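Convert by adding 163 to the 1-based position in the sequence shown; the result is the number in this note's numbering. All C-beta atoms in this analysis are idealised placements derived from N, C-alpha and C, irrespective of residue type, glycine included. Please read all numbers here as calculations on a predicted model, not as lab measurements.
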Amino acid sequence: MRSVVAVCAIATVGLLAGCRQDMQDQPKFIPQRGTDFYADGRSARPQVENTVARGQLHDDAYFYTGLVNGKEGNAMPFPVTMQVLARGQERFNIFCTPCHSRVGNGAGMIVERGYRPAGNYHTARLMNAPLGHFFAVMTHGYGAMPEYASQVSPQDRWAIVAYIKALQLSQSAKPSDAPAGARIESLASIAESQGLPANFTNQWTLPPTAVYGTPNNQDNGIPPELPPSANGKYPAAQSAPAQPNASASTNKHASPNKQ
Ligand code: HEC
């Protein structure tokens, strides 16, 4: 009897040892591989119906889209404070100035190196564009401009919208816009007092390295600037804007776009 118990005990220990499982060998799903555990064979599970993942409850639709009933709205979803503007300025200088420049005239450093001229915020159309338009452009991209939704949070995109409005004001401000009693000095005299060159206050122009349009001489459906009469709507088919210099397709240093 004793020997039977001993044999059973040894067998049990042996069996248990056989059940040992190292953590690195535990059953798991490897990304992008199927499984026979679920009937549909997918190891990556779809979201459970009628549930919202944490952090994805986008119940304030305007904050996340800038749209009201499918149209670009013209309001900030939260109050604009100096703190919001400072954050907008910081994010704008990081993400937008490479193409749009610090003053938002579209002649940034990358454009100087040959990228398509970026939007100039000081045109009449963009001065009058609703706030939701700027939010939508950042969220979805626009023509040759990539989207920034993956890099700039909705909160920061709105802060940038507020800062763009401040930029627009700053570039077309009149002395009467300054608070009463504020000392108004011309940019030229500020430049002079700081030892900047005399041409500092001249209108910026793109240097000869800037190339308009794509090298294959087509504009690949990029929307041109709309006349105000178009009422914000693009016609179904666009013809490519005229190429300023036919040799632009072969010569990287084509003469500047004089449009
Ligand atoms: C890589 C370059 C690049 C960067 C960076 C960039 N943009 Fe643009 N953006 C463009 C170009 C190019 C256009 C003009 C689109 C076209 O003509 O294809 C444009 C156009 C625009 C317009 C005008 C849209 C219209 O209605 O005409 C707005 C507004 C704008 N960008 C905002 C921004 C903001 C805000 C940022 C920063 C978050 C930003 N862009 C970053 C290249 C850029």
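From residue i to residue j, what distance separates their C-alpha atoms?
i, j, result
"F200", "Y311", "38 Å"
"F298", "R279", "21 Å"
"V247", "V315", "14 Å"
"Q187", "S313", "34 Å"
"I257", "H263", "11 Å"
"T228", "L294", "11 Å"
"V274", "A238", "31 Å"
"G344", "P338", "11 Å"
"A322", "R250", "6 Å"
"A270", "Q366", "11 Å"
"T368", "Q331", "18 Å"
"A351", "A341", "18 Å"
"S206", "G197", "5 Å"
"P317", "R208", "27 Å"
"Q334", "N283", "11 Å"
"V122", "H285", "Since the first residue of the chain shown is 164 and the last is 422, residue 122 is not available in this structure."
"P261", "M272", "5 Å"
"I353", "Q219", "49 Å"
"M290", "S356", "31 Å"
"M245", "P309", "28 Å"
"D213", "F363", "Correcting the residue identity first, residue 213 is Asn in this sequence and not Asp. Computed Cα separation, rounded: 59 Å."
"F241", "A224", "13 Å"
Tell me residue i's beta-bridge partners as DSSP assigns them.
i, result
"K234", "V231"
Could you check what DSSP says for residue i in three-state terms: helix, strand or coil?
i, result
"Y305", "strand"
"M221", "It should be noted that the sequence gives His, not Met, for residue 221. It is coil, neither helix nor strand."
"K328", "helix"
"N362", "helix"
"R320", "helix"
"A202", "coil"
"E212", "coil"
"Q184", "coil"
"S333", "helix"
"A341", "coil"
"A299", "helix"
"M239", "coil"
"I347", "coil"
"A354", "helix"
"F192", "coil"
In or out: residue i buried (at least 16 other Cβ within 10 Å) or exposed?
i, result
"S349", "exposed"
"D319", "buried"
"N383", "Bear in mind that the predicted position of N383 carries a pLDDT of just 47, short of 50, making it too unreliable to give a figure here."
"H303", "exposed"
"H221", "exposed"
"V215", "exposed"
"M301", "buried"
"R254", "buried"
"G267", "buried"
"I193", "exposed"
"I327", "buried"
Problem set entry | Length at least 4, wholly inside the segment 243-288: the alpha helix (DSSP H) runs in chain order | 245-258, 260-263, 272-275
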